[in-house]
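**Student:** Sharing a structure here in structure tokens format.
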Amino acid sequence: MSSLLWYDEPELIPHLPALDQAGVRHIELRRLSPHVNPASPSSVNQLKRALLDTGIALHSVHLPTEVTLAMFGADDVSRQRGVAAAKSVAETATTLGANVLVAHAGGPIRDGDNREKLIEASVEGLSDLCAFCGQLGLPVAIENTLPTTPRVGDTVPELVQLVQQFKGDHVGYCLDTSHANLSGNVTDAVSLVADRLLTLHVSDNDGHTDQHALPFDGTIDWPAFMQGLKRARYTGVFMMEVRGGPHPEQTIRNAASRMKKLLALID
């Protein structure tokens, strides 16, 4: 489960037992501050201990939105600061024992922008980060972005175009099913990223907006998607990235139930 459930909450640790009680074994940190202070070793160690105590593994850390935007900013100084901030997040992720760092493919594309130049800028910023993460032994999963407004990587084919410029098995894909559903066919997307699929962001929507709904509450063809994953021989984590709503604990239980339903599709 993604900590998106508690994105606006000041604390994360008090909510971890609810994940444990529902049988959830992996979490993604959708944001660091205020859930953990990377500049405070005691804060980092406190979260690390809490995860160990509840038996929940930190599967992935998602680069914060503000860091992503800075990485793909309009000027070199902003980009350098963004990459430096991203490297700091990667170091924290490694200290916490994360398996993957998730990064968006790029930033927004405004009227008059040259899309190809922005893709080149994304590759440049990500190259520096990915090389650094390679030294840490931390794989980087690059995510297809939200296509409701133009962004670099907002279609899976463009994401593939970008990721193919990186060599080595430490750089791959994070397939966001909700984003893919807004820009094309989710099952087709699986086949495009199958060779380097490192992780998933699993949620549903109505085909119009990024709702972060539970699977089967939107328009995604989940049986076809699961068969696509089976053909791709994906054995990684199914990271549910859903909104908690007014009752996050019930959402967690519902998500666990939907996960069983998904897995039953490929038994």
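The sequence shown finishes on residue 270 if you use the working numbering, and the numbering steps up by one all the way, no holes.
The beta carbon of each residue, even a glycine, is placed where N, CA and C say it ideally should be.
These numbers come from a predicted model, not from an experiment.
1. Among the residues of its own chain, which have a CB less than 6 Å from the CB of His-29, if the five just before and after it don't count?
2. Runs of 4 residues minimum, wholly inside the stretch 65 to 90: which ones carry the alpha helix (DSSP H) assignment?
3. For the ligand ATP, is there a heavy atom less than 7 Å away from the beta-carbon of Asn-117?
4. Out of curiosity, what's the CA-to-CA distance linking Val-245 and Gln-164?
5. Which residue's Cα is closest to the Cα of Ser-130: His-173, Ser-81, Arg-154 and Val-92?
6. What is the rounded straight-line gap between the Cα of Gly-115 and the Cα of Val-155?
7. So, for Asn-257: in the same chain, excluding its five sequence neighbours on each side, which residues have a beta-carbon less than 8 Å away from its beta-carbon?
8. First and last residue of the alpha helix (DSSP H) that includes Gly-137?
9. If you draw a straight line from the C-alpha of Ser-6 to the C-alpha of Asp-79, how long is it?
10. If contact is defined by three or more beta carbon pairs under 8 Å, each pair taking one atom from either stretch, is the stretch 62 to 76 in contact with the stretch 96 to 115?
11. Tell me whether Tyr-237 is buried or exposed, calling it buried when 16 or more other Cβ atoms sit within 10 Å of its Cβ.
12. Name the DSSP bridge partner or partners of Pro-111?
13. Our contact map puts Leu-132 next to Lys-90 with C-beta atoms below 8 Å; I'd like the distance itself, whole angstroms only.
14. Checking 8 Å against the spacing of the C-beta atoms, do Thr-180 and His-204 come in under that value?
15. What three-state label does DSSP hand Val-205 in the structure shown?
16. With respect to the beta strand (DSSP E) encompassing Ile-223, which residues constitute its N-terminal and C-terminal limits?
17. With DSSP as the reference, label Ser-36 as helix, strand or coil.
18. From which residue to which residue does the beta strand (DSSP E) around Val-174 run?
19. Specify the secondary structure class of Glu-272 as computed by DSSP and reduced to three states.
20. By Cβ distance, which residues of its chain are closer than 7 Å to Gly-254, with the 5 residues on each side in sequence left out?
21. Quick check: the Cα distance between Pro-20 and Asp-157, rounded to an integer number of angstroms?
22. Answer yes or no: do Val-70 and Val-92 have a C-beta to C-beta separation smaller than 8 Å?
23. Report the rounded CA-to-CA distance for Gln-24 versus Ile-112, giving the unit in angstroms.
24. Provide the residue(s) that pair with Ser-5 in DSSP beta bridges, ordered along the chain.
25. Can you list, in chain order, the residues of its chain whose CB lies under 8 Å from that of Ser-194, leaving out five sequence neighbours each side?
26. What does Met-243 pair with, by DSSP beta-bridge criteria?
27. Indicate whether Leu-162 and Asn-184 have their beta-carbon atoms separated by less than 8 Å.
**Tutor:** Straight from the coordinates:
1. Ala-60, His-62 and Val-240
2. 68 to 74
3. In terms of ligand content, the structure shown is empty, and the ligand ATP therefore cannot be addressed.
4. 28 Å
5. His-173
6. 14 Å
7. Leu-217
8. 118 to 139
9. 32 Å
10. yes
11. buried
12. Arg-154
13. 6 Å
14. yes
15. strand
16. Looking at the DSSP string, Ile-223 is not in any beta strand (DSSP E), and its letter there is neither H nor E.
17. coil
18. 174 to 179
19. Nothing can be reported for residue 272, as the shown portion of the chain is limited to 4 through 270.
20. Checking the sequence shown, residue 254 turns out to be Thr, not Gly. Counting only Cβ-Cβ distances below 7 Å, and skipping sequence neighbours, we find Leu-8, Val-245, Gly-247 and Gly-248.
21. 35 Å
22. yes
23. 43 Å
24. Glu-31
25. Gly-231, Arg-234 and Ala-235
26. Val-205
27. no
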